[in-house]
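Residue numbering for the sequence shown follows my numbering, beginning at 19 and increasing consecutively. Notes follow the structure.
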Amino acid sequence: MYLCTQNVTITMRNICLSLLLFLSAALVRAQHTPTLPWDDTPSPKHEVRAVWLTVVNGLDWPRTTDQAAQRRDLIQTLDRLQQSGINTVLVQARVRATTIYPSSLEPWEGGFSGTPGKAPGYDPLQLCIDECHKRGMECHAWVVTIPIGKWNKIGAQQMRKKHPQLVKRIGDDAFMDPENPQTATYLAGVCREIVSRYDVDGIHLDYIRYPEQWKIKVSRAQGRRNITAIARAIHDAVKQEKPWVKMSCSPIGKYADLTRYRAGGWNARDAVCQEAQEWMRLGLMDQLYPMMYFQGNNFYPFAIDWQEKSYGRTVVSGLGIYFLDPREGREWSLDQVERQLSVTRQVGLGHCYFRSKFFTDNIKGIYDAGARFDATPALVPPMTWEHQPAPTAPTSIALDGHTLSWSGATDPSRAPYLLYNVYASHDYPVDISRAENLMATRRTATQLLVPRGAGMNYAVTAMNRYGVESPAAQLLLNAGPEYQAALIAKSNGRPIALPEKGQTLDADFVIVETLSGLPVSIMPYTDRLDVSTLPDGIYQLRSLGNKGRNHRIGFFAKKSPEVF
19 MYLCTQNVTI TMRNICLSLL LFLSAALVRA QHTPTLPWDD TPSPKHEVRA VWLTVVNGLD
79 WPRTTDQAAQ RRDLIQTLDR LQQSGINTVL VQARVRATTI YPSSLEPWEG GFSGTPGKAP
139 GYDPLQLCID ECHKRGMECH AWVVTIPIGK WNKIGAQQMR KKHPQLVKRI GDDAFMDPEN
199 PQTATYLAGV CREIVSRYDV DGIHLDYIRY PEQWKIKVSR AQGRRNITAI ARAIHDAVKQ
259 EKPWVKMSCS PIGKYADLTR YRAGGWNARD AVCQEAQEWM RLGLMDQLYP MMYFQGNNFY
319 PFAIDWQEKS YGRTVVSGLG IYFLDPREGR EWSLDQVERQ LSVTRQVGLG HCYFRSKFFT
379 DNIKGIYDAG ARFDATPALV PPMTWEHQPA PTAPTSIALD GHTLSWSGAT DPSRAPYLLY
439 NVYASHDYPV DISRAENLMA TRRTATQLLV PRGAGMNYAV TAMNRYGVES PAAQLLLNAG
499 PEYQAALIAK SNGRPIALPE KGQTLDADFV IVETLSGLPV SIMPYTDRLD VSTLPDGIYQ
559 LRSLGNKGRN HRIGFFAKKS PEVF
């Protein structure tokens, strides 16, 4: 096992090195080339596609104090995000020791009512969660941790009044003290409050680090222990409430100096004591969203480094699309962002846009480009490291008029409800491994309006809150030529002739499966297959080689003799 893992690691490093060399040459040659040779990278079924929805100063939302307009604004924004393929929204829930929900710990953020500390008359966080879930998107509560705003603003004022020992002043700004152990306890309490009261899909920590203005007097090792203690306290509080809620943070975009590429003195681990890769290894984070607002060799080698040190968890590259706006001072070109999208997908990273309004305003065509890039739907990667069992498949699926319905799935996990994914295809059985077959995701209802007469077959899977899917319940409405031909070879219990293996098929056994993919029997690969002991039904056959590879051979129907 060690040798296999080592070889895979070496191979991955060789691939990454080749990719880096190719990129270095390609970036020089193609600075103004709109179409790149890797633009056709297949769209994966599992990938995080996210945006940061910023509340501070009303940058993304709200842009008015009119409550009806705020609701319309959010709904229109989420509609646009859904239409572009976004599946995760990080909404700023704790702003600067102020909140966008009725908190027992901190005052209201003033952007919604127009007055700091005053309630707006509704719950913006609940609205965002509900509207995201209606659209099959995850909603994560974005919590700004250490900065608490200007010294004389309401957040810092109330913190100084209630917890003076936790507040430090640097110039006109106030910060929570990362060296006081009570800071970890307090922030864990804020996150626990959110998770216990709201059906969020994640807690996303921002600025969980030493401020760049802070003169760190302790050793860097001690500084890292201080910040890690905060991350651990929040993780433990969240997971004790709801273990399926994802923990994530947005570290500085370069973790540390690499062998061939230096971080330029500004990195997560050494400059601000943010040991984010270690948090992944320790299981304190399920996802990372490194703020990779750089170009060229300041981006690509560090993106690969994040992926190599992900420890099987999810890394999402934060893309600085705000630099597309000439008012931001650097004015990137659209093709620079398109290259970053393509390469991050190629190495297995998701993508997150900073910020939402730059994306939905389509600055330099970024919304159009993103919608093309994410034209095929995707699910958020499952939390496989939690080792939760899959739900059972729905036991029935039917189409009545235009209404597709299903029922019968069960969930052995502790999560409160199941989600459902719907797939459609002209082929049968519907291949649920193909992203292009996804029709609807993360539905809580057990029915869906679908078009009739489109020649489609349907499949439905149950999914728990950890993102683990069940086998599929399949509905055959339009059998394609391959399936129709397979049914001709139906068996009444007589042995089925198998194709010759030839010189290329590595197959010692055959697996008999139901159409939903559940194994029924494993038999030796011989010229004729005895199916007399199988229950009546329709089955698919897969070959099984000595290296674990399997290939679909075809289908057959087993019926009792009296049926014929």
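Beta carbons are placed, not taken as given, at the ideal position from N, Cα and C, and that holds for glycine. These numbers were taken from a predicted model, which means no experiment stands behind them.
query	result
Closest Cα partner of THR133 within the set THR95, GLU156, TYR385, THR117	THR117
Outcome for THR544 when other beta-carbon atoms lying within 10 angstroms are tallied against a minimum of 16	exposed
Within 8 Å, strictly: CB atoms of ALA490 and VAL448	yes
Pairwise C-alpha distance: CYS370 and ALA251	26 Å
Own chain, CB closer than 6 Å to ALA294, minus 5 neighbours either side, in chain order	PRO269, ALA286, LEU306
Local conformation of VAL528 per DSSP, three classes	strand
Rounded straight-line distance, which links the Cα of LEU223 to that of GLN101	27 Å
Inter-stretch contact (C-beta, 8 Å, three-pair minimum) for the segment 415-431 and the segment 386-402	no
Classification of ASP288 by the beta-carbon crowding that lies within 10 angstroms, buried from 16 upward	buried
Length of the line joining the Cα atoms of ILE226 and PRO344	29 Å
ILE529 versus ASN496: straight-line alpha-carbon distance, rounded	25 Å
Inter-residue spacing [alpha-carbon to alpha-carbon] between LEU39 and ASN315	Note on LEU39: pLDDT 34, under 50, position unreliable in the model; the coordinate value appears next. Straight-line Cα distance between these residues: approximately 11 Å.
Unbroken stretches of the beta strand (DSSP E), 3 residues or longer, contained in the segment 210-271	220-224, 264-268
ALA463 versus TYR446, MET457, LEU437, residue with shortest Cα-Cα distance	LEU437
Whole-angstrom C-beta distance between TRP79 and LEU96, which should lie under 8 Å	The Cβ separation is near 10 Å, so there is no contact.
Same chain, Cβ closer than 7 Å to ARG81, neighbours up to 5 away in sequence not counted	ASP91
Nearest to PHE391 (by Cα), restricted to the options ARG357, THR402, GLY271, TRP424	ARG357
Anticipated Cβ contact below 8 Å, ASP219 with GLU149, distance rounded	ASP219 to GLU149, Cβ: 13 Å. No contact.
Helix, strand or coil at HIS151 [DSSP, three-state]	helix
Strand pairing of PRO165, partner residues [DSSP]	PHE193
Alpha-carbon spacing of PHE573 relative to PRO513, whole angstroms	14 Å
Backbone secondary structure at SER351 - three-state DSSP	coil
Euclidean distance between Cα positions of PHE527 and GLY207	55 Å
Check whether GLN406 and ASN482 have beta carbons under 8 Å apart	yes
Cutoff 8 Å; reference TYR119; Cβ partners in own chain excluding five residues on either side	ALA111, ASP141, PRO142, LEU143, GLN144, ILE212, ARG215, TYR216
Exposure of HIS158, with buried meaning 16 or more beta-carbon neighbours within 10 Å	buried
Cβ-Cβ distance between PRO229 and ARG278 below 8 Å	no
Alpha carbon of ASP429 to alpha carbon of ALA192, nearest angstrom	46 Å
Through-space distance from SER351 to CYS22, alpha-carbon basis	Caution applies to CYS22, whose pLDDT of 34 falls short of 50 and renders its modelled position unreliable; the model cannot decide the point.
Beta-ladder partner(s) of GLU487, from DSSP	MET481
Local Cβ density within 10 Å of THR421, reported as buried at 16 or more and exposed below that	exposed
Assigned exposure category for PRO542 - 16 Cβ within 10 Å defines buried	exposed
Contact check, GLY555 vs VAL66, beta carbons under 8 Å	no
Test item: CB-CB of ALA525 and LEU562 under 8 Å	yes
Residue burial classification, THR106 (beta-carbon count within 10 angstroms, cutoff 16)	buried
Buried or exposed (CB count within 10 angstroms, at least 16 for buried), LYS235	exposed
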